[in-house]
Structures are given as C-alpha cells and as structure tokens.
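As numbered in the working numbering, residues 1 to 299 make up the sequence shown, in order.
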Amino acid sequence: MEGLEMGKRSRVIIWAGLLIAMAGLFAPPAAQAEIKFGVLAKRGIAKANEQWGPTTEYLSKKLSTKCTLVPLKFVEIEPALKNGEIHFLLANSAFYARFKDKYNLKAINTMINRKKNIALKEFGGVLFVRKDSPIRSIKQIKGKRFMCVKYSSFGGAQMAWRLLLEHGVNPKTDCKAFQQGGTHDNVVLAVRDRNTDVGTVRSDTLERMASENLIRMQDFRIINQADDSYPFVHSTRLYPEWPLASCGTTDPKLARKVAKALFLLKFTHPAMTASKVYKWTYPSNYAEVTDCLRIIGIL
1 MEGLEMGKRS
11 RVIIWAGLLI
21 AMAGLFAPPA
31 AQAEIKFGVL
41 AKRGIAKANE
51 QWGPTTEYLS
61 KKLSTKCTLV
71 PLKFVEIEPA
81 LKNGEIHFLL
91 ANSAFYARFK
101 DKYNLKAINT
111 MINRKKNIAL
121 KEFGGVLFVR
131 KDSPIRSIKQ
141 IKGKRFMCVK
151 YSSFGGAQMA
161 WRLLLEHGVN
171 PKTDCKAFQQ
181 GGTHDNVVLA
191 VRDRNTDVGT
201 VRSDTLERMA
211 SENLIRMQDF
221 RIINQADDSY
231 PFVHSTRLYP
241 EWPLASCGTT
251 DPKLARKVAK
261 ALFLLKFTHP
271 AMTASKVYKW
281 TYPSNYAEVT
291 DCLRIIGIL
C-alpha cells in the first residue's frame, strides 16, 4: 500500500509540473519593460535630446511604457543594431537602405519636416563655397579640398558624392582632400573660415544657421544650384525624408502601436514643435536612395 501511495504522489507531482510548464507556455508575453528609441544625433547629443526628447516622452505616456531616447553618433548606428541595443531607429534614409536587409529593419513611418511652416517630404544636398572663391562649377572642384559631414551622412555627403561622380569628379581620388567635418555646422564654418575649399551639407542647413545668426547667406555661393520650387537651396536631386524603422528583434505589435501613436500626433503638439516635424506619414519608397548608395560604391 505504501508503494502504491508513493506512486500516486509521484504521478501527482509529475502532472503538477507539467501543468505549470504548460501554463508558462501559454501565458501572455511579458509587457515591454522599456523601449529604446535610437536617433541619429547629426548635430550632437545635446541637440538630439532637445529635439527628440519630447517625442519619447509622448510615446511613454501614450503607450504606458517607458521610452528612452538613445542619441547615436554616425559611427554608433551599426553597433547599436548589431548588439540589439535599440528597438527603433530614426536616421537618414541611407542608413535604412544600407542596413534594412542586414538587420531586418522595417520602415514604419516617414517624417515630413516642417521648415518655414512648409511641409517637406524630401530633402537634398547642397554644394557651396565662399562668395570670393574662384570655384564656380563641379568640374572645378577637382584638385581642391572638399569637406562633407561624415562619409556616412546622406544629405551631408552621399548625395553630393553621387552628383560629383555623375559629373566626372571622384572626391576620393580627384580632390586634394576629402575631409569630414563631423557635423553640418562644422562644415559650413570650415568653408567660411577657409579651412576647406568646398563643402556639402543637407538642404536647409545654411538657412537654419543664418536664422540662428551663425552665418550670413550672402557670404557663400551655391554650386550647381537647382532651379525648382523647393524652398531651400540645393545642388542635388531630392530624396525621401528620414524613415522611422523597427529593428529585427522588435515585437511587430509594438511597432504598430508606435507607428499609430506617431500618426496621431498633431503638428501643434509640443513634441512636433521641438522636432520640427509637420507630421508622420506612411513609409516612402527608398529605391532611389539604394541607387545612390550603389553608384557611390557603398552597396
């Protein structure tokens, strides 16, 4: 009898263990403890916090989950993706085109910028020199010092890089130096102060710095200036604005919630005022960005 009772107890223990294990299998997944929102800090960490901090605060309240801003330098983007340090990435279109397959990124929104109270879904790159420079054409950039923001900057390097190649100038081999300024502001000031001969930054940079009384527009000349209705000086073709992408390990349900929360933001919201975004919309087609990267040899 004692052996029989022990057998029964053993079976009860086994079944109890199985039930506990099965309960674990079918239990709802644990709520997201924290959302890491990575953003390219193209003007530095402090500016990124100022610009995008209110957006992550909004998401924290809207989703009832802590959303932490993770400002990233250009060189920190890929390590953050590789090491799974972020759930979402807001960066220039080239980072998305370059890493979407490698790290399974998925664009969930495209931001429409607000500049001078105008909604802009595209941006370009601008080539510029000092007003007193003898350089007046792309061909004349050969043999000169040419400064970009970073080689990985789309609006501040790669757009103009493609343009130069299309005009027979390879900045890596035909220029006296192909320099990196680190930030858009640094490039503009380097041209102004004669520390380089030609600079390239994203469209709206010159106008923004002029509005901040950092420079005077009349001190510069635009090379290959486009003649179109776009409200800011630019030299290159226009490309779609930055996408917000979910990372490969991010829960698709969470990605949909974040996308919806941003769609619902009105342009009068403090988060939109700080970020200078007019609205968040559906993802754009980034095929033209991919073409650019292939032409300059990055893809």
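We put the beta carbon where it would ideally sit given N, CA and C, even for glycine.
None of the values given here were measured: they were computed from a predicted structure.
7 Å Cβ cutoff met for residue i and residue j
i: S156; j: F123; result: Here the sequence assigns Gly to residue 156, which means Ser is not the residue at that position. No, the pair does not count as a contact, with Cβ atoms beyond the cut-off.
i: A261; j: K62; result: yes
i: P71; j: A271; result: no
i: L127; j: I223; result: yes
i: A119; j: I112; result: yes
i: C148; j: T196; result: no
i: V233; j: V129; result: no
i: Q179; j: K150; result: no
i: T281; j: T110; result: yes
Residue i to residue j span [Cα, whole Å]
i: V289; j: K176; result: 27 Å
i: Q218; j: T68; result: 41 Å
i: Y368; j: E85; result: Residue 368 lies beyond the stretch modelled for the chain, which goes from 1 to 299, so this question has no answer here.
i: S133; j: T236; result: 20 Å
i: H300; j: I215; result: There is no way to answer for residue 300, as the model of the chain reaches only from 1 to 299.
i: I138; j: F263; result: 41 Å
i: G38; j: L206; result: 26 Å
i: L164; j: A255; result: 38 Å
i: S203; j: K115; result: 11 Å
i: A91; j: P243; result: 7 Å
i: Q225; j: A245; result: 32 Å
i: S229; j: N117; result: 15 Å
Residue i - containing beta strand (DSSP E), residue span
i: R237; result: Counting along the chain, R237 falls outside any beta strand (DSSP E), and DSSP gives it neither H nor E.
i: A160; result: Taken as a continuous stretch (DSSP letters only), A160 belongs to no beta strand (DSSP E), being part of the alpha helix (DSSP H) at M159 to E166.
i: T200; result: V198 to R202
i: C148; result: R145 to C148
i: N113; result: K106 to K115
i: F220; result: F220 to I223
i: P243; result: P243 to S246
i: I295; result: Careful: I295 lies outside any beta strand (DSSP E), inside the alpha helix (DSSP H) at A287 to I295.
Sequence-distant residues of its chain with Cβ nearer than 8 Å to residue i (five each side left out)
i: T250; result: H87 and F88
i: A274; result: E50, Q51, W52, G53, P54 and T55
i: F95; result: L40, I77, L89, S152 and F154
Range covered by the alpha helix (DSSP H) that runs through residue i
i: S211; result: T205 to S211
i: P270; result: P270 to S275
i: V191; result: H184 to R192
i: V258; result: P252 to F263
i: A94; result: S93 to F99
Other residues of its chain near residue i: CB distance less than 6 Å, five sequence neighbours each side excluded
i: R162; result: C292, I295 and I296
i: K172; result: F178
Heavy atom of the ligand ATP within 6 Å of residue i beta-carbon
i: K260; result: Absence of the ligand ATP from the depicted structure is noted, as is the absence of any ligand whatsoever, leaving it without description.
Cut-off 7 Å between Cβ atoms - residues of its own chain near residue i, not counting five sequence neighbours on either side
i: M209; result: D185, V188 and I215
i: C247; result: L81, I86, H87, F88, L89, Y103 and L105
Open item on the list: If we require 3 or more residues per run, which beta strand (DSSP E) segments fall completely within the stretch 38–82?
Closed with: 66–72
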